[in-house]
Amino acid sequence: MKKSLLLLPGPVPVAQPVLEAMAWPMINHRGAEFAEILARLERLMKPLFGTTADVLFLGSSGTGGLEAAVTNLFDPGDRLLSVPVGVFGKRLATIATTYGCEVEMLETPLGAAADPRALAARLAADPERRIKGVLLTHNETSTGVQNEMSALAEAVRAHGALTVVDSVSGLGASRFEMDAWGFDVVVTASQKALAAPPGIAMVAASERAWAAMERAKIARYYFDLPLAREFARKGQTPWTPPISVFYAVAVALDRYHALGLEEQFTRHATYARAIRAAFEALGFTIFSRPDAHSVTVVAAEPPPGVDASALLKLLRETYGVVLSGGQGELTGKIVRFGTMGDVAANDILGAIGAIELALADLGSAPRFGAGVAAASGELSARVAAGAR
Ligand code: PMP
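Written out as structure tokens, the structure reads:
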């Protein structure tokens, strides 16, 4: 397989020891060894969620976890308020409408973060508490926008609606305090900031959410969260788990914690700052507004006259650097550069160098070295320390 530098906002590069864990032999998923792995994973995930609640592990990608949140909490006809800031926020709303919920959208201009004041105002206009749930995104991968979650939590608190948070591309890369902020269901997945392969969704729920789940009537079978909790307490999952991915996530989380939460947060934020600085130095326009930058993905419009799709193709085919393009209405308009996974500072510098070369190939005559210089200003300490 040709070597390439994968810098997508998921799936992400996975370190060799994590990959190798997937070659370990199968074990009885109803035995003591699996129970130990499950307990270890839960212990290692709780600080990332900022919760003391149970963390459940579902054999699915992140979307399965989000669908589980909706089908376990709500009933057909329930009124929900969705606060999308891009494609993934809209997708969560679509899951809810698919299951018969009535979803109202609180719109935000693309590139901006959700406005806590607008959310508080909309909820204040619902004194009868007809809105049962609020659907939020921690980090919107399609626009490179990160919401200020503590402020959004505050905006919902007085109303008391149940909150569902998609943190698939957020959790682990910056501080998240599910309990302190008071969120009800938070979902993430293995293939993003945890730097593991895809295949497991993680879901944590508050006591209030568990009570609502016991009452909810939407049909659910595979993603029955109360059933998953019952099994988890015996050290099992209801159905056959992706055992190899569990091994990999366990190793990935050991590596994650070896660096430590604070260092992980700093690393992602530093990488994102370096990439933004490089893009700006090369004439790109950062898509996220200055107060809304994600730490896990940088979205940017190429310099005038450079076609985003042509740039991505050249980077991939000639320079072996794999970045993402836009989604939905941003297709063909932006490029997206991920910071998550087993990515070293040198990888970021290499990718930026390749972007400079590709821009030149496309006739855009960049100032050679300008991107690398801007990024190295941010990254130098990490490069010198050989830190990831
Ligand atoms: N939400 C967000 C914010 C995401 O970034 C993604 C994956 N890109 C998803 C949901 C969907 O997750 P999955 O592809 O793991 O189902």
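Numbering-wise (numbering that gives the first Met the number 0), the sequence shown opens with residue 0 and increments by one.
Yeah, the Cβ is synthetic: ideal placement off N, Cα and C, and Gly gets one too.
Please identify the residue among Gln-15, Leu-310 and His-137 whose C-alpha is closest to the C-alpha of Glu-355. Leu-310
Looking at Gly-49: is its Cβ nearer than 8 Å to the Cβ of Met-212? no
Only counting the same chain, and skipping five residues up and downstream in sequence, which positions put a Cβ closer than 6 Å to that of Val-184? Ala-68, Val-163, Ala-204 and Ala-208
Closest to Asp-360 by C-alpha separation, out of Tyr-318, Met-339 and Ala-343, would be which residue? Tyr-318
Beta-carbon separation of Ile-274 and Ile-347 under 8 Å? yes
Tell me the DSSP secondary structure of Glu-101 in three-state form. strand
Could you spell out where the alpha helix (DSSP H) holding Leu-40 opens and where it closes? 31–48
Heavy atom of the ligand PMP less than 7 Å from the Cβ of Thr-162, yes or no? no
Any chance the CB of Ala-188 is under 7 Å from a heavy atom of the ligand PMP? yes
Excluding sequence positions up to five away, which residues of its chain have a Cβ less than 7 Å from the Cβ of Gly-370? Ala-277, Ala-280, Leu-281, Ile-351, Ile-354 and Glu-355
Using a Cβ-Cβ cut-off of 7 Å (strictly less than) and excluding sequence neighbours within five positions of Gly-376, which residues of its own chain qualify? Ala-276
What is the DSSP secondary structure of Leu-146, counted as helix, strand or coil? Strictly speaking, residue 146 in this sequence is Asn, with Leu absent from that position. Of the three classes helix, strand and coil, the one that applies to Asn-146 here is coil, per DSSP.
Would you say the beta carbon of Asn-146 comes nearer than 7 Å to a heavy atom of the ligand PMP? no
Measure the alpha-carbon distance for Ala-154 versus Pro-289 and round it to whole angstroms. 22 Å
Identify, in the order they occur along the chain, each residue of the same chain with its Cβ nearer than 7 Å to the Cβ of Pro-8, setting aside the five sequence neighbours on each side. Thr-140, Ser-168, Thr-295, Val-296, Ser-323, Arg-335, Gly-337 and Met-339
Let me know the secondary structure DSSP gives Lys-131 once reduced to three states. strand
Anyone know if the C-beta pair for Ser-166 and Val-186 falls short of 8 Å? yes
Cβ neighbours of Gly-331 in the same chain (closer than 6 Å, five flanking residues each side left out): Ala-307 and Ser-308
Within this structure, are the beta carbons of Val-84 and Ala-113 separated by less than 8 Å? yes
Residue environment, Thr-70, which counts as buried when at least 16 other CB atoms sit within 10 Å: buried
According to DSSP, residues forming a beta bridge with Phe-56: Met-201
With respect to the alpha helix (DSSP H) encompassing Gly-388, which residues constitute its N-terminal and C-terminal limits? It is not possible to answer for residue 388, since the shown part of the chain is limited to 0 through 387.
If the criterion is Cβ atoms closer than 8 Å, does the pair Val-82 and Val-17 meet it? no
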